[in-house]
Each structure stands twice: as C-alpha cells, then as structure tokens.
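Undergrad:
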Amino acid sequence: MIKDQFLLDPAITYLNFGSFGACPKIVFDAYQKFQLELERQPVQFMMHTGMKYLNDAQGALAAYIGCDANDVVMVMNPSYAINTIAKALPLNKGDEILTTNLEYGAMDRTWRYYCEKAGAKYVAQQITFPIQSKEQFLNDFWDGCTAQTKVVFISHITSATGLILPIEEICREARRRGLLTIIDGAHVPGQLPLDVAALDADVYVGACHKWMMGPKGASFLFVKREQQHWVDPLLISWGFQSEAPSESTFIDYHQTAGTRDFSSFLAVPFCIEFMKKNNWELVRSHCQKKTIEWANRFKVEFGFQSIAPITDSFIGQMYSMPIKLENPDLLKAILYDQYQIEVPVFKNQKDVFIRFSYQAFNTDEDMQYLFDTLKSLKSKGIFEIGG
Ligand SMILES: Cc1ncc(COP(=O)(O)O)c(C=O)c1O
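Counting along the sequence shown from 1, when you hit position 266 you're at 286 in my numbering, and nothing is skipped either side.
If you want it as structure tokens, here you go:
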C-alpha cells in the first residue's frame, strides 16, 4: 500500500493534499539525514558539503522543471518568491498588474502592498462562473487589460477553486502584447507536467512542498535570463559583491541568505527519485481520472453547477464544490472533529467551496466516506448547495 510509504496519521481520511502536501518516509528520512550531517559538522556542511549537495539539488530540480540550473533558485516558499519579485519589480505610478479574482489571498496581499507603495493598481479581473470554456476565461481575463497594464500575474492552478488555468495561452498573448508574465505555479510541480522553458513565462514560482512531496520549506523561483537584472534579492548577503562569484549572478544574489537550515532543498532530488520509482506519470493520471469521476458523482448527487467543465483541461487532482453556509469554519470543524476527515472549506470572495484533493494513497473508500458524510450533513441542514 502506497499509504504506508507516507507518515500520515492512518486515523484521518486525508483529502487535503493541496494545502501542505505530505512527505513520503523515504524523503523525510533523507531530509533528517541532511539535518544530522549538518549538526555533526556544521562548518564543513555549511561551507562545503552542503553547498555541493545544494548544487546537485538545484541541477536535479532544473532538469525536472525544464530549465537551465542557472535560472532557478531554491527558496523557502512561494510567498518568499513572490515577495522577492513584487518588491523588486520597477512599478511606476499608474501602472497596472492584471490578475484574476481567483488568486491566493497571501499573494493578493503582497501585490496590493507593493502596488500601494508605488501608486500602481492591482486589477483583479472578475471571472464569470460557471466558466464555460477556455475561450470564455481568456475573454474575461483580457477584458481587464488596458494601456496601463504592464504585468500579468496569475495562478497556473488556483487555490480555493482548484482550477487549472490556460497559462500557455496567457503567456503567448501576454508576449504578443509586450507584458511581463509572473506565474504562480505553487500547485503545479508534481501535479501537472511542467516545462518552464517551453512555457516561456518571465517568472515562474513553484512549491516543492506540495505536490512534489518535499519537506516544508522547499520551493523555487525561476526568472528568465533577460529579466534577472532587475530582480534584487529579498535579503542581501555574501552573494552581493561575492568574493567567489559563480557563473550566475542571479544564483549568487539569491542563494546566499545567511545561516539557515536548507536541508529541505536538499531532499528535493529524493522527491524526484520517489516519483520516478513509483511511475508518477501513471499515478498522477489515475488520480486525475478519479478526481474527475468523483467530481461528476458529487455533481449528480448534490445537483450543483460546476464552476468549470469537469475535464482534464480544468481539473487536475483537486476539485472544489460550491456550497452555501454562513460559517465555513463550522463545517470544517464538524468534518474533522466528528468524522476525522481533513478537507478544506474555503471562501473565495462571497463563494464557499469544499475542495477535495486526490493523491496516490486516496481510495474510492475515502471518497465514498466524504460523499456519505456530506450527504448526511446536508440532510441535517448544516449546509446547502451553492453555485
Ligand atoms: C496558488 C498558491 N500560491 C501561493 C501559495 C503560497 O504558498 P506558501 O504558503 O507555501 O508560500 C499557495 C499556498 O497554498 C497557493 O495555493
């Protein structure tokens, strides 16, 4: 059983892989071994061996996401990466950043903070639900583009709504319009095939601690070579005016960040190896099929309007069902405390969603249990159907 290869509590029906991933034992072991090695000889590790491992990890990650190792730097999390970009981006008064109303709240806040400082505008374009097609999405999105738009910021897979967005088309059109593209791919590596170079976004941010199953605190920031010159590091350290410069100023600037435990970065090659060994292409596509199958079953039973077509263009390993209730936290607490089901109940603007994730270790029994539980809670009037 693949679930035995994870550290997850077997008492919990775990249907929220999307929030924080979960580590296979073999990856967590590797992570802890690096931490032990660090503590056995901190100086050797920090100055020499750890640096070599980091270089190797960066190479493995670059090969996995399809870019040159000198264009990607490992960072703590997507928040760190987006903060780096938002702080460094040269914004003028009146400039606009075009985004959607489906972005992750912390990223919205980051952009609003820096836009306010610069007198720029963060334009969260309203996407009409239910989304009928890619074309409709793209029309809604580009309707928000004006002569002041300088940048596109958008999720590749959204958080609360769990939707795959047509990022290839957006990057292509943004290039045609001369706009900078910044893609929040927190949920993508490990859930969708990713070829950063082919996508040709200017900036691509991904988490290794979600669907790649790395330990918490492993993520990446990719910046296209010709854009690297304006990307100041969030933290200035030895990499600036480096006494031993590498061939990439981008790596020098962003990789040195004072004393820290970077063992989570070093575990990333073990995640890649774990996926390879377990035929993750097949696993992932099975999980996507199951997500789609169960999304349809929920839709038939509960009679909601799906927020997007239930197809592999929009749905990966997460599906969000629209519901109506006053207090999302209450339903979340009932599901966890009374039924031991870990599944998030999210608010996105005025809409509320239950989002299930389907990962390798999930089964039809897990889904049936969620299905029966929700059916019973709905019949008791705990929530109504939305959409
Ligand atoms: C779409 C999206 N972007 C960014 C983030 C931020 O990730 P982190 O909290 O690891 O920085 C998340 C977290 O769930 C997310 O879903």
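Quick reminder that beta carbons are idealized off the backbone N, C-alpha and C, glycines included.
Where Y356 and E362 are concerned, what is the direct C-alpha to C-alpha distance, given to the nearest angstrom?
TA: 6 Å
Undergrad: Quick check: A50 and L28, are their CB atoms within less than 7 Å of each other?
TA: no
Undergrad: Ignore the nearest five residues each way along the sequence and tell me which others in I312's own chain have a CB closer than 6 Å to its CB.
TA: I330, I335
Undergrad: Using a threshold of 7 Å, state whether the C-beta atoms of L58 and V288 are closer than that.
TA: no
Undergrad: Quick one: Cα of M71 to Cα of Y84, how far?
TA: 20 Å
Undergrad: What residues come near ligand 1, if near means a beta carbon less than 5 Å from any of its heavy atoms?
TA: N97, P98, S99, Y124, S175, S179, D204, A206
Undergrad: Could you give the first and the last residue of the continuous alpha helix (DSSP H) run that contains M387?
TA: 384-399
Undergrad: I need the DSSP call for I102, collapsed to helix, strand or coil.
TA: Three-state DSSP puts I102 in a helix.
Undergrad: To the nearest angstrom, how far is the alpha carbon of N368 from that of G182?
TA: 11 Å
Undergrad: Nearest to V320 by CA position, among E189, K395, T119, H68, is which residue?
TA: K395
Undergrad: Which class does E116 belong to by DSSP, given the choice of helix, strand or coil?
TA: strand
Undergrad: Classify I46 as helix, strand or coil using the three-state DSSP reduction.
TA: helix
Undergrad: Could you give the first and the last residue of the continuous beta strand (DSSP E) run that contains G323?
TA: That residue, G323, is in no beta strand (DSSP E); it is neither H nor E in DSSP.
Undergrad: Going by other Cβ atoms of all chains shown within 10 Å of its Cβ, with 16 needed for buried, is L111 buried or exposed?
TA: buried
Undergrad: Identify which residue in S239, L350, I354, T119 has its Cα closest to the Cα of V172.
TA: T119
Undergrad: Give me the residue from S153, Q211, I343 with the minimum Cα distance to K309.
TA: Q211
Undergrad: Could you check the C-alpha separation between S179 and I32 for me, to the nearest Å?
TA: 22 Å
Undergrad: Per DSSP, which one or two residues make a beta bridge with R14?
TA: The structure shown has nothing for residue 14, since the chain only spans 21 to 407.
Undergrad: In terms of residue numbering, what span does the beta strand (DSSP E) encompassing Q25 cover?
TA: Here Q25 belongs to no beta strand (DSSP E), and DSSP marks it neither H nor E.
Undergrad: How far does the alpha helix (DSSP H) with I177 in it extend, from its first residue to its last?
TA: Where I177 is concerned, there is no enclosing alpha helix (DSSP H), given that its DSSP letter is neither H nor E.
Undergrad: Compute the Euclidean distance between the alpha carbons of D409 and V47, then round it to the nearest angstrom.
TA: It is not possible to answer for residue 409, since the shown part of the chain is limited to 21 through 407.
Undergrad: Keeping to the same chain, check which residues put their C-beta closer than 6 Å to that of C291; ignore five residues upstream and five downstream.
TA: V47, M232, M233, G234
Undergrad: At 3 residues or longer, and completely inside the segment 122-188: list those beta strand (DSSP E) runs for me, N to C.
TA: 141-145, 169-175
Undergrad: I'd like to know if the segment 138-146 and the segment 192-201 are in contact, where contact means that at least 3 CB-CB pairs between them fall below 8 Å.
TA: The segment 138-146, when compared against the segment 192-201, does not touch it at the 8 Å Cβ threshold.
Undergrad: Which runs of the beta strand (DSSP E), 3 residues or longer, sit entirely within the segment 247-315?
TA: Secondary structure within the segment 247-315: not one fully enclosed beta strand (DSSP E) run of 3 or more consecutive residues is present.
Undergrad: Quick test of the definition: if touching needs 3 or more C-beta pairs under 8 Å, does the segment 268-275 touch the segment 220-227?
TA: no
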